[in-house]
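Residue numbers (the numbering used here), protein chains in the order written: chain Z, 1 to 719; chain W, 1001 to 1189. For reference, the structure discussed in these notes is given below.
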Amino acid sequence: MGHSQNREYVQREYDAIERDGEELISTHCCFCGMQCGMNIRVKTDSKEVLGVEPRYDFPMNGGRLCPKGVAAYRQAEHGERLLHPLIRKNGKLVESTWDEAMELIVSKIKGIQAEYGKDAIGIYSGSSMTNEKCYLMGKFARIGLGTKNIDYNGRYCMSSASFGFNQSVGIDRGSTNPWSDIKSADVLLLAGSNTAECHPLSMPYIWGARDNGAKIIVVDPRQTKTALVADIHLDIRPGTDVALANGLLHVMIEDDLVDHDFIENHTTGFEKLKELVKKYTPAHVSEITGVAPEKIVSAGRMFGQAKNGMAMFARGVEQHATGTDAVSTYVNLCLVTGKIGRKGSGFATFTGQGNGQGGREHGQKTDQLPGFRKITDPKAREYIASVWGVDESEIPGPGLSAYELLQALGKEIKCLILACSNPIVSSPSIAHVGEYLKSLDFFVAIDMFLSESAELADVVLPSTVWVEDDGTTTNVEGRVLRLKGIDRTPGESRRDWEIICDLAERLGRGKYFKYDSPEEIFNELRVASKGGIADYYGITYEKLDKMQGVFWPCPTEESEGMPRLFEDLKFNFPDGKARILAFEHKGPNENISKEYPIILSTGRVVYHYLSGNQTRRIESLLNFCPDPYVEIHPKLAVKHNIGDGELVKISSARGSMEVVAKITKIIREDMVFVPYHWGKSLAINNLTNPALDPNSKIPEFKVCAVKIEKAESMGVKHG
Amino acid sequence: MGKVLYIDYERCIGCRACIVGCEECSGHDHMSRMFVDELNPGETVATSPTPCMHCVTPACAESCPVQAISITADGFVLSASMEKCIGCKNCTYACPFGIPRVDDVKKMMYKCDMCYDRTSKGTPPMCASVCPTDTIQFLDEQELKNHSPKEVQYQWDFGGTTIETKTVIGLPDTRSNNFGYYDGEGVQS
Ligand code: SF4
Ligand code: SF4
Ligand code: SF4
């Protein structure tokens, strides 16, 4: 079945059904980091998008799709697509021509830069974009606009994993192993990941491991579908992962379930960890985490005794003011037991956004240049300057991270260019974010739908949907994939890369942005990444087609990429050794109080994607889950006299909202949970805490202190 | 050897991709013929899908006054023929699994037809194709009934009448975990 790297995946040997008058465009889902393969059914003559047909031969998902994936194509012909540029006139967004819109943007940018300097322009972009677009955004900010202030919404998503992996093993690829390896594990520890709902296409691998006899440990404050079928469910109090992982390490060290040879030869820092975790006894950890001590002991033994195993985690571990500590502490589980560098042994973080991995590799992060290079590294700057054909001094230094950038709007930053993101739904404490956006001198949004954020813009530029896009993305495994677009641009919409190149041209920087196709951008990206950590140099569009995706690093034309990292047990530090790092449990930034006695946590539902700008417009997905709700344990509900389906007012120190109660035993008694895919008065981010992890600058979305009370008014009903 | 639907209850994550997938099959007019139920709402998140069970002696077809429901050579029970169906709902009342639905506007019955346009070409039906967890699979009937990896059920007792179905259910091993099949305790705080 195709290339040998794909043999152990879940592809199936069936033919896709073809119909007269239609063609099948093979591409990938635009949503989560699984990047499932699919065929889009297109009418041959009119190029109208008709539907979806499984693509059984794509290794990762073998035709399987979650409901978002099945319904994704329905965006293409959606009546709410933006088809013309819009300019705000007398307070209203009205249709304009491209020329008028672009000239207005250029004159505003020039005026603002003349008055306040180049850094007064900010770019806030997204990680659902192709690698080509992410690369282009980073280059456009630095040498198109000359601003240091570019960052992206992946800051809210993967940045703690990124920092944690870098500090532990010196490289940030979201998974050390190909996904097919999961089936070979003897134990899987899934922490802070509602895998079934957020990454459904990981389930054939997880259930596959279980079929082979693997034990499953789930760390989650809620009894999700994955936890329901787990061997051990550690029902942790949100924000206490560092303590729990230290507790598991304590048990493994106590029972001598560690790999002394591996620790000795391939790591540093074990003694310090050993000392630190002495006090993290099961009883002590139980007090902090709320998990029964016996379960901590069983889980520690289960993980320690297994020959092969993987630790896999997601935002539940990472979206904390101590998210980077937690990531490295979970990585320690693999390092002290030597579970790394083999089939079925390693660690991974589940990528939230479609291109969460590639989006953070090619320079749209404020502190990075393409190929995962540090923007402060003189050698990296010199190299990228030579690729771009500019003087090294022309590349600005690091600017503000995503949330800091939003906070600076109206102050240091007077003009914002927003692409493929909806921060007024996805940021913490969004009432403030609304004020920041409104205080801008000039605000440009590029999107395919009028998102809650775009509604506030001065100019909105219509872009294409993903089925009309060509390019590459990098999935949860570190596999670079090829998206093939339908050749059409409905109405006057244009592709994002063309919009950016046109802007550069009009700003007089066109000579640096002469591309005729995404492939040309990719070829430049390959060179720019050459020699960097995320080395794409050896990856070509042709190779991507032939191999159904190529894993980075792929440094030469002959190389076929590296599905599994660290097989030689050499880690990415000068001494080749992984770092076992010891962190104390510090707890969440905000603690519960008399006034706000309950912990609030947020997350996803399977039917929606991020801010819901796309999935809330797809009727079938919206019908399955039309409104947010709050999960409350029956005992907590009784205390507050709240019945199932009744309206509840939840408030934190930052804001409040009314939402329908869903009374369920799947949640802890000391917390509530609300999904975050809605805007305006239905946005739970009215309440969340903008405290940032000092290293990754990720906000603490997963814990804040709230109170709940029965609401008086009649609000929205949960369907 | 014929293939049938195999449903492994334990694996279902309640994502309803099977429902959205079913809508995508040609001839389904964007109306799903699959149902997904919460087994114990408020107690657990356990869910299970219910497609047509494709009974060996289908009560829907037998009760149809105009013989609109035909059975294929492979034993799949099809949707009522458009020309014949009078929308009387006899099939809905007769089916012990509550499967056939009637579109009140078109006065037409619709039910799972095993995606006959796909399965007749050897391609799995849409629900089995898209189900992200392999809860629904398209597998060989005899092998399943004789050597399934799990305990299976394809005979059902309805008040003394035994009904045999081609759709085969894989039963969870509730000795190790209750999977939400009876009162869960929820999580402890
Ligand atoms: S959302 Fe994720 S799991 Fe669902 S189909 Fe798309 S890529 Fe696959
Ligand atoms: S698609 Fe599969 S997992 Fe999802 S609800 Fe249907 S049967 Fe369950
Ligand atoms: S077999 Fe086809 S018609 Fe029947 S439920 Fe599945 S998708 Fe629907």
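For glycine and all other residues, C-beta sits at the position ideal for the given N, C-alpha and C.
A distance below 8 Å separates the beta carbons of Val70 of chain Z and Ala1017 of chain W.
Within chain Z, the residues placing a beta-carbon under 8 Å from that of Cys1131 of chain W are Arg64, ordered along the chain. Every residue whose beta carbon comes nearer than 5 Å to a heavy atom of ligand 3 appears here in chain order: W:Cys1022, W:Arg1033, W:Met1034, W:Pro1051, W:Cys1112, W:Met1114, W:Cys1115, W:Pro1125, W:Met1126 and W:Cys1127.
Here the segment 466-477 of chain Z does not lie against the segment 685-698 of chain Z, with fewer than 3 beta-carbon pairs under 8 Å apart. In this structure, the C-beta of Leu65 of chain Z approaches ligand 1 to less than 7 Å from one of its heavy atoms. Residue pairing of Val459 of chain Z in beta bridges, as defined by DSSP: Z:Ile87 and Z:Val444. Not a single heavy atom of ligand 1 lies less than 7 Å from the C-beta of Pro59 of chain Z. Counting the other Cβ atoms within 10 Å of the Cβ of Ser651 of chain Z gives 16 or more, which makes it buried. Contact check for Cys554 of chain Z against Ile539 of chain Z passes: the beta carbons are separated by less than 8 Å. Legend: CB atoms of the segment 195-212 of chain Z lying less than 8 Å from CB atoms of chain W belong to residues Ala196, Glu197, Pro200, Leu201, Met203, Pro204, Trp207 and Asp211. Counting of Cβ neighbours within 10 angstroms places Glu1143 of chain W among the exposed residues, the total staying below 16.
Close to Thr472 of chain Z, with beta-carbon spacing below 7 Å, lies no residue of chain W; the smallest spacing is near 24 Å. Bounds of the alpha helix (DSSP H) holding Arg210 of chain Z are Met203 to Asp211. A Cβ-Cβ distance of about 18 Å is found for the pair Glu1010 of chain W and Phe1138 of chain W, leaving them out of contact under the 8 Å criterion. In the structure shown, Asn6 of chain Z adopts helical secondary structure according to DSSP, grouped into three states. For a Cβ distance threshold of 7 Å, residue set Gly51, Val52 and Val70 of chain Z lies close to Glu1024 of chain W, ordered along the chain. Contact note: Asp1134 of chain W reaches chain Z through Val10, Arg64, Met203, Pro204, Trp207 and Gly208, using a C-beta cutoff of 9 Å and chain order. Per DSSP, Arg155 of chain Z has no beta-bridge partner at all. In the displayed model, Lys92 of chain Z falls within a strand according to three-state DSSP. Linking Gly1042 of chain W to Pro1096 of chain W through their CA atoms gives a straight-line distance of about 27 Å. DSSP places Met671 of chain Z in the strand class (E or B) of the three-state scheme. In the structure shown, Met310 of chain Z adopts extended strand secondary structure according to DSSP, grouped into three states.
At least 8 Å separates the beta-carbon of Leu83 of chain Z from that of Ser453 of chain Z.
In the three-state reduction of the DSSP assignment, Asn1146 of chain W falls in the helix class. The beta carbon of Pro200 of chain Z sits closer than 7 Å to at least one heavy atom of ligand 1. Taken from the Cβ of Val1036 of chain W, at least one heavy atom of ligand 2 lies inside 7 Å. The Cβ of Pro1051 of chain W sits no closer than 8 Å to any Cβ of chain Z. Around Asp220 of chain Z, the same chain offers Ala227 as residues with beta carbons nearer than 6 Å, after the five sequence neighbours per side are excluded.
Using a CB distance cut-off of 8 Å, Thr1072 of chain W does not count as an interface residue toward chain Z. Per DSSP, the continuous beta strand (DSSP E) segment holding Thr27 of chain Z begins and ends at Glu22 to His28. Within the segment 246-308 of chain Z, the complete alpha helix (DSSP H) segments of 4 residues or longer fall at 260-266, 270-277, 282-289 and 293-305, listed in chain order.
In the three-state reduction of the DSSP assignment, Trp552 of chain Z falls in the coil class. Less than 8 Å divides the Cβ of Ile182 of chain Z from the Cβ of Ile206 of chain Z. Exclusion of the five residues before and after Met1114 of chain W leaves His1054, Phe1076 and Pro1125 as the residues of its chain whose Cβ lies within less than 7 Å of its Cβ. Listed along chain Z, the residues sitting closer than 9 Å to Pro1124 of chain W by beta-carbon distance are Arg12, Tyr14, Pro54, Tyr56 and Gly63.
As computed with DSSP, Lys662 of chain Z is found in a beta bridge with Z:Glu631.
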